[in-house]
Amino acid sequence: MNIFDLAGSAAEPAGAVCSRKACRAHAEWQLLWNNPKIHTPERRKIWLACPEHRAWLEDYLQTRGLWKETLSLDSPAGEAAAEDGPGSAVAPGRAG
């Protein structure tokens, strides 16, 4: 018996999920950003956004001077998100 079996089904849903805290909606957008204080200029971190939270997440990043661009989840940068690993799509307040 595994200790995780006792917790029930707490697994993340399959597929791309919005990075907004507590949102579990399917993501349709990727917001590319970079913190120039800690990242090299070519580095891009990626948050995923559902249609409802896209504007909120863009505003959050733009206000802090971090936002670079927003792309459809189907665009080629989506492949970069997969290469960056699961921690690349992190919402405000989450570690990453």
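Here this note's numbering is used: the first residue of the sequence shown is 120, the next is one more, and so on.
Built from N, CA and C at the ideal position, the CB exists for glycine as well.
task = May I ask you to report which of helix, strand or coil DSSP gives Thr182?
result = For the purposes of this step, residue 182 is taken as the residue at position 63 of the sequence shown. Here Thr182 sits in helix by DSSP.
message = If you reduce the DSSP assignment to three classes, tell me which class Cys137 lands in.
response = Here residue 137 is taken as the residue at index 18 of the sequence shown, counted from 1. Here Cys137 sits in coil by DSSP.
ask   = Could you give the residue range of the beta strand (DSSP E) that holds Ile165?
value = In the sequence shown, the residue the question calls residue 165 occupies position 46. Lys164 to Ala168 is the extent of the beta strand (DSSP E) around Ile165.
task = Give me whichever residues DSSP pairs with Thr189 in a beta bridge.
result = Reading the sequence shown from its first residue, position 70 is the one you call residue 189. Leu150.
task = Starting from the C-beta of Trp152, find all residues in its chain whose C-beta is less than 6 Å away, skip the five residues before and the five after it, and write them out in chain order.
result = The count along the sequence shown starts at 1 and reaches residue 152 at position 33. Excluding residues within five positions, the ones whose Cβ falls inside 6 Å are Lys164, Leu180, Leu185, Trp186 and Lys187.
query = Taking the alpha-carbon positions, what's the Arg183 to Leu176 distance?
reply = Sequence index remark: in the sequence shown, residue 183 carries index 64 (1-based). Sequence index remark: in the sequence shown, residue 176 carries index 57 (1-based). Distance between the alpha carbons of Arg183 and Leu176 is about 11 Å.
query = Across which residues does DSSP place His145 in a beta bridge pair?
reply = Locating residue 145 in the sequence shown gives position 26, where the first residue counts as 1. Val136, per the DSSP bridge assignment.
query = Roughly how many whole angstroms lie between the Cα atoms of Glu147 and Cys137?
reply = Taking the first residue of the sequence shown as 1, we reach residue 147 at position 28. Taking the first residue of the sequence shown as 1, we reach residue 137 at position 18. Computed Cα separation, rounded: 8 Å.
ask   = Does the separation of the CB atoms of Ala168 and Arg143 fall below 8 Å?
value = By one-based count along the sequence shown, residue 168 stands at place 49. By one-based count along the sequence shown, residue 143 stands at place 24. Taking 8 Å as the Cβ cut-off, Ala168 and Arg143 do not qualify as a contacting pair.
Residue environment, His158, which counts as buried when at least 16 other CB atoms sit within 10 Å = For this step, residue 158 is matched to residue 39 along the sequence shown. The Cβ neighbour count for His158, taken over all protein chains shown within 10 Å, is under 16; the residue is labelled exposed.
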